[in-house]
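*Asks:* In UniProt numbering, the protein residues as written are 1 to 365. Here a beta-carbon is modelled for each residue, glycine too, at the ideal position from N, C-alpha and C.
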């Protein structure tokens with residue numbers, strides 16, 4: 001686990017550093033530190049296990065979690081067509097104490113060289129989908145992993161989910177997400193940690209914005225430079241000046257071309273006034289010229305485009321996981337003669353069944 005040091009950014013006048021955030025205190029169930037610091041949710045015998053290596057099997061999970069308590073069921077969620085693992089699973093214990101102990105002892109344990117991420121399975125999707133208590137952290141030191149981030153933020157409240165974004169090789173991308181069970185805990189963490197130095201890097205900690213909110217925030221940002229694409233090959237600089245000039249004074253308009261002078265079918269227009277640029281985007285985006293529908297938007301820097309793409313990818317992955325939480329049923333004590341097709345037929349009268357699988361996995365250790 002990465003070791004981290006937290007201090008407030010030094011003020012120029014005093015050079016003094018603020019103390020680190022308060023240490024978490026044990027709760028009624030005796031958990032502290034890198035584990036949930038609030039009360040255990042009702043019906044918390046079920047755990048969600050994420051960030052699984054795609055080759056992890058139910059038997060491996062049974063071996064690991066069976067050391068902690070009596071298991072009722074284990075399910076690795078799989079694509080219904082290819083049967084490939086989706087990278088997460090659900091595990092049910094006979095009682096909440098054993099589930100809590102598994103969360104305390106096994107969270108971030110490497111399995112197939114990939115640290116697993118454990119949280120309580122919340123059957124009500126409203127909390128997950130609302131984004132309440134969700135915060136975004138960027139400019140993280142690359143040495144900070146899931147557990148180090150969890151340990152840092154667990155001092156401020158009960159954490160539902162904690163993740164450092166990583167690339168295909170498992171290296172940190174320098175940003176992550178933490179979701180608390182209350183807005184108050186999230187606000188407290190933001191107030192205390194935003195601008196702090198963590199491993200000598202000043203981090204940004206703020207509310208997590210969903211795609212719609214990010215798009216709205218971006219649209220409200222003032223800008224002068226406008227990007228336009230899907231131009232016809234015959235569109236020239238002068239054409240852009242004439243079209244965009246109707247909305248305000250323009251300092252430059254250029255169609256981008258390759259080395260041979262052939263149009264690359266996109267260009268940039270710079271306005272003197274940001275309000276005029278916004279009016280042009282609003283009026284011209286989606287309009288057709290020479291049978292081509294123009295895309296017109298704020299011209300983004302490379303770093304802005306990369307950050308937007310990262311955010312979209314992380315959100316799509318999170319939504320994919322959320323989509324299937326709470327939709328799975330476990331049935332036990334089935335006769336050996338019951339087939340997958342028979343199960344599907346029995347349950348189809350209650351709704352569309354997307355997948356149905358009988359598992360022969362020993363869960364008694």
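How about the region 189 to 202 and the region 248 to 257: do they share at least three Cβ pairs that are nearer than 8 Å?
*Replies:* Segments in contact, no.
*Asks:* Alpha carbon to alpha carbon, how far is residue 101 from residue 316?
*Replies:* Answer to the nearest angstrom: the Cα atoms are 31 Å apart.
*Asks:* Taking the alpha carbon of residue 95 as the reference point, which residue from 266, 136 and 69 has its own alpha carbon closest?
*Replies:* Ranking 266, 136 and 69 by Cα distance to residue 95 puts 69 first.
*Asks:* DSSP three-state call for residue 346: helix, strand or coil?
*Replies:* Note: residue 346 maps to helix in three-state DSSP.
*Asks:* Tell me whether the beta-carbon of residue 89 lies closer than 8 Å to the beta-carbon of residue 49.
*Replies:* Yes. Within cutoff.
*Asks:* Name the residue from 186, 113 and 241 whose alpha carbon lies nearest to the alpha carbon of residue 252.
*Replies:* Among 186, 113 and 241, the Cα nearest to that of residue 252 is on 241.
*Asks:* First and last residue of the beta strand (DSSP E) that includes residue 267?
*Replies:* From DSSP, the beta strand (DSSP E) with residue 267 extends over 263 to 271.
*Asks:* Considering only DSSP beta bridges, list what residue 175 is partnered with.
*Replies:* Answer by DSSP bridge pairing, in chain order: 138.
*Asks:* My guess is that residue 111 and residue 60 are in contact by the Cβ rule of under 8 Å, so how many angstroms apart are they, rounded?
*Replies:* Sure, about 7 Å apart at Cβ, within 8 Å.
*Asks:* Compute the distance between the beta-carbons of residue 230 and residue 332, then report whether it is under 8 Å.
*Replies:* No, Cβ-Cβ distance for residue 230 and residue 332 is not below 8 Å.
*Asks:* Keeping to the same chain, check which residues put their C-beta closer than 7 Å to that of residue 23; ignore five residues upstream and five downstream.
*Replies:* With a pLDDT of 35 at residue 23, under the threshold of 50, the predicted position of this residue should be treated as unreliable, though the coordinate-derived value follows. Closer than 7 Å at the Cβ level, and outside the excluded window around residue 23, lie 155.
*Asks:* Rounded to the nearest angstrom, how far is the Cβ of residue 87 from that of residue 51, given a contact under 8 Å?
*Replies:* At roughly 7 Å, the Cβ-Cβ gap stays under 8 Å, so residue 87 and residue 51 are in contact.
*Asks:* Quick one: residues in its chain with C-beta nearer than 8 Å to the C-beta of residue 272, no 5 flanking neighbours on either side, listed in chain order?
*Replies:* Closer than 8 Å at Cβ, skipping near neighbours: 224, 248, 249, 250 and 251.
*Asks:* My parser needs the beta strand (DSSP E) runs of 3 or more residues fully inside the UniProt domain "RRM" (45 to 123); what are they?
*Replies:* Counting whole runs of 3 or more residues, the UniProt domain "RRM" (45 to 123) contains the beta strand (DSSP E) stretches 46 to 50, 71 to 78, 85 to 93 and 117 to 120.
*Asks:* Where does residue 250 sit, in a helix, a strand or coil, going by DSSP?
*Replies:* Looking at residue 250 - three-state DSSP - the assignment turns out to be strand.
*Asks:* Between 207, 77 and 257, which lies nearest to residue 133 when the distance is taken from Cα to Cα?
*Replies:* Residue 207 is the option with its Cα nearest to residue 133.
*Asks:* Given a cut-off of 8 Å on the beta-carbon distance, is the pair residue 150 and residue 137 in contact?
*Replies:* Not closer than 8 Å, so no.
*Asks:* Distance check for residue 198 and residue 235, CA to CA, integer angstroms please.
*Replies:* Answer to the nearest angstrom: the Cα atoms are 51 Å apart.
*Asks:* What is the C-beta distance between residue 366 and residue 163, in whole angstroms, given that I count them as a contact (C-beta under 8 Å)?
*Replies:* Given a span of 1 to 365 for the chain in the structure shown, any question on residue 366 remains unanswerable.
*Asks:* Below 6 Å CB to CB, which residues in the same chain sit around residue 232 once its five sequence neighbours on both sides are set aside?
*Replies:* Taken in chain order, the residues that qualify are 290 and 292.
*Asks:* Is the beta carbon of residue 161 sitting closer than 8 Å to the one on residue 46?
*Replies:* Taking 8 Å as the Cβ cut-off, residue 161 and residue 46 do not qualify as a contacting pair.
*Asks:* Have a look at residue 288 and residue 228 and give me their C-alpha separation to the nearest angstrom.
*Replies:* If you take the alpha carbons of residue 288 and residue 228, they lie about 12 Å apart.
*Asks:* How far does the beta strand (DSSP E) with residue 226 in it reach, from first residue to last?
*Replies:* Element bounds for residue 226: 225 to 229.
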